[in-house]
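Inspection log for the structure reproduced underneath, given as structure tokens.
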Amino acid sequence: MPEPRLKLIDSSPNRVALEQPPRHLAIVMDGNHRWARERRLPGASGHRAGAKNLKAVAETCADRGVEFLTLFAFSTENWQRPKREVKLLLDLMRGVLKDDVDELNSKEVRLRFVGERSRFPGDLQHLMGQAERATCANGRLHLTIAVNFGGRWDIGQAARALARAVRDGAVEPEEVTEERFGRFLSLAGLPPPDLCIRTGGERRLSNFLLWDFAYTEFYFCDDYWPDFDEERLDHAFADFASRRRRYGRRIEERAGAS
Numbered sequence: 584m585p586e587p588r589l590k591l592i593d594s595s596p597n598r599v600a601l602e603q604p605p606r607h608l609a610i611v612m613d614g615n616h617r618w619a620r621e622r623r624l625p626g627a628s629g630h631r632a633g634a635k636n637l638k639a640v641a642e643t644c645a646d647r648g649v650e651f652l653t654l655f656a657f658s659t660e661n662w663q664r665p666k667r668e669v670k671l672l673l674d675l676m677r678g679v680l681k682d683d684v685d686e687l688n689s690k691e692v693r694l695r696f697v698g699e700r701s702r703f704p705g706d707l708q709h710l711m712g713q714a715e716r717a718t719c720a721n722g723r724l725h726l727t728i729a730v731n732f733g734g735r736w737d738i739g740q741a742a743r744a745l746a747r748a749v750r751d752g753a754v755e756p757e758e759v760t761e762e763r764f765g766r767f768l769s770l771a772g773l774p775p776p777d778l779c780i781r782t783g784g785e786r787r788l789s790n791f792l793l794w795d796f797a798y799t800e801f802y803f804c805d806d807y808w809p810d811f812d813e814e815r816l817d818h819a820f821a822d823f824a825s826r827r828r829r830y831g832r833r834i835e836e837r838a839g840a841s
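In terms of our numbering, the numbers along the sequence shown are unbroken and rise by one, the last being 841.
Here's what the structure looks like:
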């Protein structure tokens, strides 16, 4: 196994920077409610702590050289949660979009949202669009927030869009390829995720980027999302750096090996 591609960037043994970080990182931010429950706090406290941590992790990713960060914030299944919790999550989105966009803009972060927006209240849809327009010229970090998003939904909407293109004569059936299909997905135009981190102790995808994760590396940790700090992120990056990504090919360990 090769040595992790890491180097110290200051005197603290916990501060490291990847020479070759994951270009595109996806995160399933899980464990807010359990974090609060273990501290005998209301669930709202966990979600607020998680929202605060989002900014810190995004800034660390930018400092480490990550170019694309995609976060799973609200799934198509999350509407089934108690109404009070759903309202809290929507209010937290409003708060971030009202209070934090200027800061993201000043740090050259481009923000965009993927998912079916039509179910959200009109004011929230407006704030999403406003934030996207305000940050569209930035390029230090491309931050994508998946809201009312599901991997099956994404594949389904892409299939419908491609079917309409075939029906209208814009695409011939013989021209339907994986590459062309991918142009209709929510993350079209972005490189596929190199690494997906899931916090909170669960070991499943939960209907996230099902198509895009074909060759993504996965890192599961037991830490709840509010506790997922800079040190834990660097540990995940070190683990990623130690892996050999073959993409189905054979990579010889040494010259002349069979």
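The beta carbon of each residue, even a glycine, is placed where N, CA and C say it ideally should be.
Annotated as distal: N688 and G733, with beta-carbon spacing of 7 Å or more. Here V759 is actually not in contact with A729; their C-beta atoms are around 25 Å apart, not less than 8 Å.
In terms of Cβ geometry, W794 and G633 do not form a close pair [threshold 7 Å].
Counting only runs of 4 or more residues that sit fully inside the region 675 to 749, the alpha helix (DSSP H) segments are 684 to 689 and 705 to 718, in chain order. Under DSSP, F767 shares a beta bridge with no residue. Judged by DSSP secondary structure, V611 falls within the beta strand (DSSP E) whose first and last residues are H607 to V611.
Nearest to D806 by C-alpha distance, out of F703, H607 and G783, is G783. Setting aside the 5 residues that flank it on each side, P604 is surrounded in the same chain by R647, G648, V649 and F820, each with a C-beta closer than 7 Å to its C-beta; the list follows chain order. R723 has its alpha-carbon roughly 33 Å from the corresponding atom of R617.
Relative to D683, the option among K666, Q663, E699 and A717 whose CA is nearest is A717. Within the DSSP bridge table, the entry for S658 names F732 as partners.
The C-beta distance from F703 to N661 rounds to 12 Å, too long to meet the 8 Å contact threshold. Around the CB of G629, 16 or more other CB atoms lie within 10 Å, so the residue is classed as buried. Classified as buried, C804 has 16 or more neighbouring CB atoms from the shown chains inside 10 Å of its CB. Looking only at D706, A619 and R829, the smallest Cα-Cα distance to T799 is reached by R829. Taking every protein chain shown into account, the CB of V640 has 16 or more other CB atoms within 10 angstroms, so this residue is buried.
Rounded to whole angstroms, the separation of the alpha carbons of I610 and E699 is 19 Å. R781 counts as buried, since no fewer than 16 other beta carbons sit within 10 angstroms of its beta carbon. In the structure shown, the three-state DSSP call for E800 is strand. Residue A741 holds the alpha-carbon nearest to the alpha-carbon of F764 among M711, R826, A627 and A741.
Residue pairing for L778: DSSP places it in a beta bridge opposite L608 and E800. R631 and E642 have their alpha carbons spaced roughly 18 Å apart. Here G739 is exposed. Its C-beta has fewer than 16 other C-beta atoms within 10 Å.
Looking at the DSSP output, L652 bridges to L608 and L726.
Taking 7 Å as the cut-off, the Cβ atoms of L710 and L680 count as close.
At least 7 Å separates the beta-carbon of R606 from that of P756.
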